[in-house]
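One structure below.
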Amino acid sequence: MHARPQFDHILRAFGVFAAFLALIAIAPTAAQAETELAQQSSEAFEREIKKTVRAQYLLYLPEGYNADQDKRWPLMIFLHGSGERGDNLKKVAKHGPPKLVEQGKEFPFIIVSPQCPHGGWWSTELLNAFYDDIMEKYRIDPSRVYLTGLSMGGNGTWAWAANNPEKFAAIAPVCGWGPEVNYEKLASMPIWAFHGDQDQAVALEKGQKVIDAVTSVGGTPEFTIYEGVGHNSWDPAYSNDALYDWLLSHSKDEQASVKE
């Protein structure tokens, strides 16, 4: 008669113990939990994003541009160096073709000279957007678009042309160095580069390295080295009218025929 309550007590105790064992069986150990948390897989996502880019630029329209509304003109794009970055376009006119325009020189090109923002570098993303805008706004012959730039702009010239060779008929980098790009894309590009042999900012060896890289993939770049000239090789380069005649002698139609 008194055994039953004791048996009930034992059953209740056994039930609690069984539930405890079940929890132990279900719950992972600390080591197991740590292992599971450490297991990660490599994933990726791809989404198109849109953003607004803005840059100001100097514009030169050749004499006769407004007189003949049907004529399409060659375009020269000039990329300045690091010292001309900012939001003051007067800086852009310190060197190169914009400086010559300020001095009264006339060119047979449309010339656009964008300004890179403070602390920035020439990015292909910005330049491609700029290119599209310019091509829509002005009467440009798309087969005669030429790219040139000095120092940081010389580097930008190499990079942009290598990434988008289809845009340009010829390029003329001045005291520039080469980025890590596929130079095979420049094998058929007419190139005339310039450098001073006393350049302390961008050593001549850096300019020569890019020329050698293009030559190694079948390119035939021209390379003018100014003896006794430092970083300022842009003055003799851009003062040479032969450069502009050389640019105008090339078109993308010519490149297409060479590839065929």
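Quick note on numbering: the sequence shown equals residues -33 to -1, 1 to 227 in mature numbering (1 follows the signal peptide of the UniProt record, and there is no 0).
Ideal Cβ placement from N, Cα and C applies to all residues, glycine included.
It should be emphasised that the depicted structure is a prediction, and the values quoted were computed from it without experimental measurement.
For residue i, which residues does DSSP report across the bridge?
i: S80; result: L25
i: T182; result: Partner(s): none; T182 has no beta bridge.
i: L42; result: I77 and V112
For the beta strand (DSSP E) holding residue i, just list the boundary residues, first then last.
i: A137; result: A137 to V141
i: D108; result: I107 to L117
i: E189; result: E189 to Y193
i: G163; result: W159 to G163
Leaving out five residues before and five after residue i in sequence, what residues of the same chain have Cβ atoms less than 6 Å from its Cβ?
i: K152; result: A129 and P132
i: A168; result: H198
i: H85; result: R52 and G53
i: W201; result: H62, G63, L117 and V141
i: P81; result: A22, Y24 and F97
i: Y150; result: A180, V181 and V184
Between residue i and the rest of its own chain, which residues show a CB-CB distance below 7 Å, the 5 nearest in sequence each way excluded?
i: N207; result: none
i: W213; result: W159
i: L93; result: V20 and A22
i: K176; result: G145
Between the options, which has its C-alpha nearest residue i's C-alpha?
i: W89; options: W127, V112, G63 and G53; result: W127
i: A22; options: G163, G53, P75 and H162; result: G53
i: T187; options: N149, P157, D166 and W201; result: P157
i: G195; options: G163, A180, G143 and V68; result: G163
i: D35; options: G87, Y105, P146 and G185; result: Y105
i: A170; options: A154, G145 and G123; result: G145
i: D115; options: K134, G123 and A139; result: The question names Asp, yet the displayed sequence has Thr at residue 115. Cα-wise, what sits closest to T115 is A139.
i: I77; options: Q70, P41 and E103; result: P41
If you drop the 5 nearest sequence neighbours on each side, which residues of the same chain put their C-beta closer than 8 Å to that of residue i?
i: E73; result: P29 and E30
i: P203; result: F161, Y193 and V196
i: A154; result: V181, V184, G185 and G186
Taking the alpha-carbon positions, what's the residue i to residue j distance?
i: I101; j: I107; result: 8 Å
i: H217; j: A137; result: 7 Å
i: G121; j: R14; result: 32 Å
i: residue 232; j: W159; result: The structure shown does not extend to residue 232, since the chain is modelled only from -33 to 227, so the question has no answer here.
i: E172; j: S183; result: 16 Å
i: Y32; j: L25; result: 16 Å
i: E189; j: L210; result: 11 Å
i: N220; j: S110; result: Looking at the sequence provided, one finds Asp at residue 220 rather than Asn. Near 7 Å, if we compare the C-alpha coordinates of S110 and D220.
i: N95; j: F135; result: 12 Å
i: Q165; j: G71; result: 30 Å
i: H47; j: I178; result: 21 Å
i: V(-18); j: S9; result: Its pLDDT being 44, under 50, V(-18) is placed unreliably in this model, and the value from its coordinates should be taken loosely. Approximately 44 Å between the Cα atoms of the pair.
i: L215; j: T91; result: 24 Å
For the alpha helix (DSSP H) containing residue i, list its first residue and its last residue.
i: G50; result: Unbroken run through G50: none, as it is neither H nor E.
i: A209; result: D208 to L215
i: A204; result: W201 to Y205
i: A96; result: T91 to K104
i: G31; result: From DSSP, G31 is part of no alpha helix (DSSP H); its letter is neither H nor E.
i: G63; result: G63 to E69
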